[in-house]
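Numbering (the numbering used here), first residue to last: 609 to 859.
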Amino acid sequence: MRPVLFHLWSYAVPTHDFFVLLGVLAGLLVFLAEARRRDMVDERILWIVVGALLCGAVAARLSALWRYVAIAPEPTLRGFLVGGGRSILGGLAGAYAGVVLTKRLVGYREPTGDLFAPAVALAMAVGRWGCFFTELPGTPTRLAWAVTFYDGEPRHPSFLYEIIFQFGLFGLLWWARPRVSVKGELFKIYLLAYALFRFAVEFVRGNDVVWAGLTRPQLFLIPATVALGVYFAGRRARGHYTTLALHGGRP
Numbered sequence: 609m610r611p612v613l614f615h616l617w618s619y620a621v622p623t624h625d626f627f628v629l630l631g632v633l634a635g636l637l638v639f640l641a642e643a644r645r646r647d648m649v650d651e652r653i654l655w656i657v658v659g660a661l662l663c664g665a666v667a668a669r670l671s672a673l674w675r676y677v678a679i680a681p682e683p684t685l686r687g688f689l690v691g692g693g694r695s696i697l698g699g700l701a702g703a704y705a706g707v708v709l710t711k712r713l714v715g716y717r718e719p720t721g722d723l724f725a726p727a728v729a730l731a732m733a734v735g736r737w738g739c740f741f742t743e744l745p746g747t748p749t750r751l752a753w754a755v756t757f758y759d760g761e762p763r764h765p766s767f768l769y770e771i772i773f774q775f776g777l778f779g780l781l782w783w784a785r786p787r788v789s790v791k792g793e794l795f796k797i798y799l800l801a802y803a804l805f806r807f808a809v810e811f812v813r814g815n816d817v818v819w820a821g822l823t824r825p826q827l828f829l830i831p832a833t834v835a836l837g838v839y840f841a842g843r844r845a846r847g848h849y850t851t852l853a854l855h856g857g858r859p
């Protein structure tokens, strides 16, 4: 594990925070490039991004509160703020809510999911390197690609699994962005794909099992995945995807 990536003069740069920031910047560049390509550059778009980042950051912290309270021998506010951790799933949910709320506040009605989908996938792919270098990677395994950290136990590189998945999904979304004819659906497609992947990878992540052999993230993902499935099924039943096709032109 490598909690400190490097020192900048006397300041120790945290590895996790460095890669999270790098991921946010990479995602922001993709978002702005796609907004420019779609001729959607607007001051309100920038406020929507700010709303997503702020709500995502707050939700990521607050959604980790239950775990901190459960494992800390003497929970304190200072202890939570310093070492309470974050939840990616909570952050995604908060960011989504932030987008919806900010769009209402600024009066922006155009779908923005197609802008966020590839940006979030790339940001996650980059940011997860911070998790790989600073957290236990997964459950013990004897597979050839196992990684070993301070405890000497070969483990599943679950964060590497996710990095590969996110980079692959980014490439797929980037390819699909000018070809999918239904506007605004790319982000929901991303959410469904990530929910299915995350549910599967949780079996080798090493998170605490809380009920029926499932972890807390899996229990959260079950209703979320069902809701997304019902959404897509309902849209299809109402004929929204009758023209869903791949084409080579600009949207």
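Here a beta-carbon is modelled for each residue, glycine too, at the ideal position from N, C-alpha and C.
(request) Within the same chain, show all residues whose beta-carbon is closer than 6 Å to that of HIS764, passing over the 5 residues directly before and after it, in chain order. (result) Taking the first residue of the sequence shown as position 1, residue 764 is located at position 156. Cβ within range, chain order: GLY746, THR747, THR749, VAL812.
(message) Counting C-beta neighbours from all protein chains within 10 Å, is the total for ILE653 16 or more, i.e. buried, or is it exposed?
(response) As a position in the sequence shown, residue 653 is number 45, starting the count at 1. ILE653 is buried by the Cβ-count criterion.
(message) By the DSSP assignment, the beta strand (DSSP E) with VAL818 in it spans what residues?
(response) As a first step, residue 818 is located in the sequence shown; it is residue number 210 there, counting from the start. Here the beta strand (DSSP E) through VAL818 covers 817-819.
(request) Count the C-beta pairs between the stretch 720-731 and the stretch 778-794 that are closer than 8 Å, then say yes if the count reaches three, no if not. (result) yes
(message) By the DSSP assignment, the alpha helix (DSSP H) with LEU697 in it spans what residues?
(response) Here residue 697 refers to the residue found at position 89 of the sequence shown. Segment 696-714, the alpha helix (DSSP H) holding LEU697.
(message) TRP737 and ILE771 - do their beta-carbons sit closer together than 8 Å?
(response) Position 163 of the sequence shown, counted from the start, is the residue given in the question as residue 771. Position 129 of the sequence shown, counted from the start, is the residue given in the question as residue 737. Closer than 8 Å, so yes.
(message) To the nearest angstrom, how far is the alpha carbon of LEU836 from that of ALA668?
(response) Here residue 836 corresponds to residue number 228 of the sequence shown, with the count starting at 1. Here residue 668 corresponds to residue number 60 of the sequence shown, with the count starting at 1. Whole-angstrom Cα-Cα distance: 21 Å.
(request) Please name the residue or residues paired with ALA620 in a DSSP beta bridge. (result) Counted from its first residue, the sequence shown places residue 620 at position 12. The beta-bridge partner set that DSSP reports for ALA620 consists of HIS615.
(request) Provide the residue span of the alpha helix (DSSP H) that contains THR833, from first to last. (result) As a first step, residue 833 is located in the sequence shown; it is residue number 225 there, counting from the start. It spans 824-845 - the alpha helix (DSSP H) in which THR833 sits, taken as one unbroken run.
(message) According to DSSP, simplified to helix, strand and coil, what is ARG787?
(response) Translated into the one-based positions of the sequence shown, residue 787 becomes position 179. ARG787: coil per DSSP, three-state reduction.
(message) To the nearest angstrom, how far is the alpha carbon of VAL838 from that of ALA808?
(response) On the sequence shown, position 230 is the one that residue 838 refers to. On the sequence shown, position 200 is the one that residue 808 refers to. Whole-angstrom Cα-Cα distance: 20 Å.
(request) Could you name the residues that DSSP lists as bridge partners for ARG652? (result) For the purposes of this step, residue 652 is identified with residue 44 of the sequence shown, where counting begins at 1. Answer is none; ARG652 lacks a bridge partner.
(message) Relative to the C-alpha of LEU768, which candidate in ARG787, GLY760, GLU743, VAL790 has its C-alpha closest?
(response) Taking the sequence shown and counting its residues from 1, the one referred to as residue 768 is at position 160. Closest by alpha carbon: GLU743.
(message) Going by DSSP, what residue range makes up the alpha helix (DSSP H) through ALA672?
(response) Numbered from its first residue, the sequence shown carries residue 672 at position 64. ALA672 -> no alpha helix (DSSP H), and no H or E assigned at all.
(message) Determine whether the beta carbon atoms of GLY659 and GLY735 lie at a separation below 8 Å.
(response) As a position in the sequence shown, residue 659 is number 51, starting the count at 1. As a position in the sequence shown, residue 735 is number 127, starting the count at 1. Against a cut-off of 8 Å, the Cβ pair of GLY735 and GLY659 comes out as no contact.
(message) So, under 8 Å CB-CB, PHE639 and PHE775 are touching, yes? Tell me the CB distance rounded to an integer number of Å.
(response) If you number the sequence shown from 1, residue 639 lands on position 31. If you number the sequence shown from 1, residue 775 lands on position 167. About 17 Å separates the two Cβ atoms, so there is no contact after all.
(message) Rounding to the nearest angstrom, what Cα-Cα distance links ALA733 and VAL708 in this structure?
(response) The residue labelled residue 733 in the question sits at position 125 within the sequence shown. The residue labelled residue 708 in the question sits at position 100 within the sequence shown. C-alpha separation (whole angstroms): 24 Å.
(request) Measuring only between beta-carbons, confirm whether THR756 sits less than 8 Å from chain B. (result) Any reference to chain B falls outside this structure, which holds one protein chain only.
(request) Report the rounded CA-to-CA distance for PHE757 versus PHE741, giving the unit in angstroms. (result) The residue labelled residue 757 in the question sits at position 149 within the sequence shown. The residue labelled residue 741 in the question sits at position 133 within the sequence shown. If you take the alpha carbons of PHE757 and PHE741, they lie about 9 Å apart.
(request) Mind checking who THR756 pairs with in its DSSP beta bridge? (result) Numbered from its first residue, the sequence shown carries residue 756 at position 148. THR756 pairs with PRO762.
(request) Give the single residue among ARG646, GLY635, ARG717 whose Cα lies nearest to the Cα of PRO786. (result) Numbered from its first residue, the sequence shown carries residue 786 at position 178. Taking only the C-alpha atoms, the option nearest PRO786 is ARG646.
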